[in-house]
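Accompanying notes for the structure given below.
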Amino acid sequence: MDIEKLTVLALADTMLASDRSQDSLIAACGRVFDMSPLWAPRICAALIERTGENFHYFDRHEITDILLHLLGRAGGDNPEQYDEVPDRLELPEVRRYCTDPPIRPPLAAWVAAFAPPRLPSVGALAAWLDEPIGALAWFADQWRLAGDQQSPLQHYHYRWVAKRSGGLRLIEIPKARLRRLQQKILRHLLDRLPPHPAAHGFRRGHSCVTHAALHAGRHAIVRMDLKDFFPSIQLSRIHALFLKLGYPPSVAGTLARICVNRAPQGVFQEAGSLPWAERQALRSPHLPQGSPSSPALANLCAYRLDLRLEALAQSLGATYSRYADDLAFSGDRDFARAAERFHIQVAAIALEEGFRINTRKTRLMREGTRQQLTGVVVNANPNIVRDEYDRLKATLTNCVRHGQASQNRDNHPDFRAYLAGRISYVKMVNAKRAVKLQRLLEAVAWPG
Numbered sequence: 080m081d082i083e084k085l086t087v088l089a090l091a092d093t094m095l096a097s098d099r100s101q102d103s104l105i106a107a108c109g110r111v112f113d114m115s116p117l118w119a120p121r122i123c124a125a126l127i128e129r130t131g132e133n134f135h136y137f138d139r140h141e142i143t144d145i146l147l148h149l150l151g152r153a154g155g156d157n158p159e160q161y162d163e164v165p166d167r168l169e170l171p172e173v174r175r176y177c178t179d180p181p182i183r184p185p186l187a188a189w190v191a192a193f194a195p196p197r198l199p200s201v202g203a204l205a206a207w208l209d210e211p212i213g214a215l216a217w218f219a220d221q222w223r224l225a226g227d228q229q230s231p232l233q234h235y236h237y238r239w240v241a242k243r244s245g246g247l248r249l250i251e252i253p254k255a256r257l258r259r260l261q262q263k264i265l266r267h268l269l270d271r272l273p274p275h276p277a278a279h280g281f282r283r284g285h286s287c288v289t290h291a292a293l294h295a296g297r298h299a300i301v302r303m304d305l306k307d308f309f310p311s312i313q314l315s316r317i318h319a320l321f322l323k324l325g326y327p328p329s330v331a332g333t334l335a336r337i338c339v340n341r342a343p344q345g346v347f348q349e350a351g352s353l354p355w356a357e358r359q360a361l362r363s364p365h366l367p368q369g370s371p372s373s374p375a376l377a378n379l380c381a382y383r384l385d386l387r388l389e390a391l392a393q394s395l396g397a398t399y400s401r402y403a404d405d406l407a408f409s410g411d412r413d414f415a416r417a418a419e420r421f422h423i424q425v426a427a428i429a430l431e432e433g434f435r436i437n438t439r440k441t442r443l444m445r446e447g448t449r450q451q452l453t454g455v456v457v458n459a460n461p462n463i464v465r466d467e468y469d470r471l472k473a474t475l476t477n478c479v480r481h482g483q484a485s486q487n488r489d490n491h492p493d494f495r496a497y498l499a500g501r502i503s504y505v506k507m508v509n510a511k512r513a514v515k516l517q518r519l520l521e522a523v524a525w526p527g
């Protein structure tokens with residue numbers, strides 16, 4: 080870093096520790112240089128005009144970049160964002176550095192209403208998580224480590240599972256100590272923040288059935304899928320979310336890095352020919368699928384997506400909801416007429432919000448064909464798929480007639496609990512159809 084940038088960085092630190100008035104910023108110049116440069120009033124006025132009421136929401140590097148431009152230093156680190164470069168002004172030598180923390184703006188009303196824990200420093204965050212600061216730094220920077228997945232320095236277990244649509248999905252499971260940190264962040268911070276009402280996945284009181292039921296009995300349903308939902312949400316978005324909650328950059332950055340992961344190179348040896356885009360997303364710091372905090376963070380990061388897609392649906396008199404990465408839109412005759420072109424608008428909005436649509440999974444389901452969302456048939460009322468119901472009923476009937484051992488072909492360690500779970504799912508979708516299945520289960524002769 081050159082001496083001029085270090086000088087302006089010292090000026091930015093002092094300004095951020097002052098209030099936003101022009102007099103205070105001019106005084107900050109005087110403290111840094113032990114004198115007030117002739118250009119101070121003009122530069123401070125321009126800085127206030129450029130940043131507006133959000134001055135204290137900018138970090139030190141952003142203020143430095145703006146000051147470098149105003150002082151004629153080629154637009155700072157991002158010259159392409161400026162139309163012209165002003166005259167080059169002389170920079171005095173730094174005489175005094177600022178050690179005061181930057182002034183933090185008051186919490187936005189919507190954030191204060193949910194009362195997230197106040198964590199003014201990384202030390203406060205470490206105390207809240209009941210970890211030493213050194214250990215917290217280790218967990219927060221674990222994704223920087225390279226090497227084999229068997230390294231003891233890695234904080235995740237990895238497992239590849241096959242997708243029903245083809246390909247592989249990487250499940251990243253945090254080890255016990257990191258999982259405890261992520262669970263506390265989830266329960267005492269993220270759970271206080273409600274996602275958009277259209278989100279039905281990973282929420283108490285919501286399920287795949289509540290998602291599907293919104294679209295029952297409609298003339299047309301469009302079902303779409305977000306490609307690589309969790310890996311597509313990168314560290315920068317999580318960092319920005321925590322900053323929006325009013326946390327200082329150091330705290331927001333530590334929280335974000337605790338909640339993301341970067342898969343090590345050795346993991347990909349088992350994946351074979353994984354598409355390049357998927358591999359790159361997993362090798363970058365991203366939300367790991369398998370972490371307890373990832374679902375809530377994904378819902379919060381998709382808030383703007385949900386907001387815009389709901390507005391698009393409402394403009395056509397349609398209904399929108401999302402279950403994890405599954406998007407569903409439904410409506411009556413007016414929507415049915417526009418449904419053929421509708422997916423193009425959805426894909427454009429998703430791309431603008433940092434997501435991609437898996438076009439191979441896009442389906443337009445009109446009345447008269449089987450309309451199915453998240454495994455639930457919704458042509459008239461939410462219902463279980465007939466073939467699935469018939470297979471479960473046949474399994475239970477054969478258990479009654481020939482004994483449960485004859486039907487446990489997959490060697491489930493607790494076959495009774497497995498069947499009870501499947502019946503519970505049927506009951507959740509359609510309680511009436513589950514009654515007969517429950518009677519059959521109770522009629523089975525179980526050992527012991």
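Okay, so the sequence shown: first residue is 80 according to my numbering, each after it adds one.
Note that the Cβ used here is the ideal one computed from N, Cα and C, for glycine as well.
The structure displayed is predicted, hence computed values, not measured ones.
Own chain partners of A225 with C-beta closer than 7 Å, once the 5 adjacent residues on each side are dropped: Indexing the sequence shown from 1 puts residue 225 at position 146. Note that A225 scores a pLDDT of 48, beneath 50, so its modelled location is shaky; the value from the coordinates is reported in the next line. Excluding positions up to five away in sequence, the list reads P343 and Q344.
Per-residue DSSP class, three states only, for R302: Locating residue 302 in the sequence shown gives position 223, counting from the first residue. Of the three classes helix, strand and coil, the one that applies to R302 here is strand, per DSSP.
Inter-residue CB distance, F321 and S373 (contact presumed, cutoff 8 Å): Within the sequence shown, the letter at position 242 stands for residue 321. Within the sequence shown, the letter at position 294 stands for residue 373. With a Cβ gap of about 14 Å, F321 and S373 do not count as contacting.
Distance between P181 and I502 (C-alpha atoms, nearest Å): Taking the first residue of the sequence shown as position 1, residue 502 is located at position 423. Taking the first residue of the sequence shown as position 1, residue 181 is located at position 102. Cα to Cα, the separation comes out at about 58 Å.
7 Å Cβ shell around A418 - same chain, five flanking residues per side excluded: Counted from its first residue, the sequence shown places residue 418 at position 339. Taken in chain order, the residues that qualify are A299, V301 and L443.
DSSP state of Q233 mapped onto helix, strand, coil: As a working note, residue 233 is residue 154 in the sequence shown. Q233: coil per DSSP, three-state reduction.
Simplified DSSP assignment, three categories, for T398: In the sequence shown, counting from the first residue as 1, residue 398 sits at position 319. Note: T398 maps to strand in three-state DSSP.
Backbone secondary structure at P253 - three-state DSSP: The residue given as residue 253 occupies position 174 in the sequence shown. Strand, per DSSP.
Option in P120, A429 and M507 with minimal Cα separation from S286: Your numbering for residue 286 matches position 207 in the sequence shown. The shortest Cα separation from S286 among P120, A429 and M507 belongs to M507.
Beta-carbon contacts of Q160 that lie in its chain and below 6 Å, excluding the five residues immediately before and after: On the sequence shown, position 81 is the one that residue 160 refers to. Low per-residue confidence applies at Q160: pLDDT is 48, beneath 50, and the placement is therefore not dependable enough to give any value.
Distance, Q368 Cα to A255 Cα: Position 176 of the sequence shown, counted from the start, is the residue given in the question as residue 255. Position 289 of the sequence shown, counted from the start, is the residue given in the question as residue 368. Roughly 16 Å between the two C-alpha positions.
V464 (DSSP reduced to helix, strand or coil): Stepping through the sequence shown from its first residue, residue 464 is reached at position 385. Three-state DSSP puts V464 in coil, outside helix and strand.
Residues sharing a beta bridge with D370, DSSP: The count along the sequence shown starts at 1 and reaches residue 370 at position 291. At residue 370 the sequence reads Ser, which differs from the Asp that was named. According to DSSP, which records beta bridges pairwise, S370 is partnered with Q368.
S485 versus C478: straight-line alpha-carbon distance, rounded: Working through the sequence shown from its first residue, we reach residue 485 at position 406. Working through the sequence shown from its first residue, we reach residue 478 at position 399. Each residue's alpha carbon lies about 7 Å from the other.
Cα-Cα separation, P273 to R152: Within the sequence shown, numbered from 1, the residue matching residue 273 stands at position 194. Within the sequence shown, numbered from 1, the residue matching residue 152 stands at position 73. Computed Cα separation, rounded: 44 Å.
DSSP-derived helix/strand/coil call for I317: Along the sequence shown, one-based indexing puts residue 317 at 238. Helix at I317.
First through last residue of the alpha helix (DSSP H) which encompasses G202: The residue labelled residue 202 in the question sits at position 123 within the sequence shown. Note, G202: alpha helix (DSSP H), V201 to W207.
E446, DSSP secondary structure in three states: Translated into positions along the sequence shown, residue 446 becomes position 367. Note: E446 maps to coil in three-state DSSP.
When L391, S311, G351 and L386 are compared against S363, the one with the closest alpha-carbon: By 1-based counting over the sequence shown, the position of residue 363 is 284. S363 has its Cα closest to that of S311, out of L391, S311, G351 and L386.
Check whether T289 and H279 have beta carbons under 7 Å apart: Reading the sequence shown from its first residue, position 210 is the one you call residue 289. Reading the sequence shown from its first residue, position 200 is the one you call residue 279. Contact: yes.
Nearest neighbour of H318, chosen from L293, H365, P185 and A214 [CA to CA]: Sequence index remark: in the sequence shown, residue 318 carries index 239 (1-based). Answer by Cα proximity: H365.
Sub-7 Å separation of R139 and D92 beta-carbons: Translated into the one-based positions of the sequence shown, residue 139 becomes position 60. Translated into the one-based positions of the sequence shown, residue 92 becomes position 13. Their beta carbons are under 7 Å apart, which means R139 touches D92 by this criterion.
Rounded distance between the beta-carbons of I122 and Q101, thought under 8 Å: Numbered from its first residue, the sequence shown carries residue 101 at position 22. Numbered from its first residue, the sequence shown carries residue 122 at position 43. Wrong, their Cβ atoms sit about 10 Å apart, outside the cutoff.
Whole-number beta carbon distance between V339 and L388, since they are thought to touch under 8 Å: The residue given as residue 388 occupies position 309 in the sequence shown. The residue given as residue 339 occupies position 260 in the sequence shown. L388 to V339, Cβ: 25 Å. No contact.
Q486 in three-state terms, based on DSSP: Translated into the one-based positions of the sequence shown, residue 486 becomes position 407. DSSP places Q486 in coil when its eight states are reduced to three.
Option in L249, W239 and Y235 with minimal Cα separation from Q66: Because the chain spans 80 through 527 in this model, residue 66 falls outside it and cannot be assessed.
Coarse secondary structure for G410, derived from DSSP in three states: As a first step, residue 410 is located in the sequence shown; it is residue number 331 there, counting from the start. Note: G410 maps to strand in three-state DSSP.
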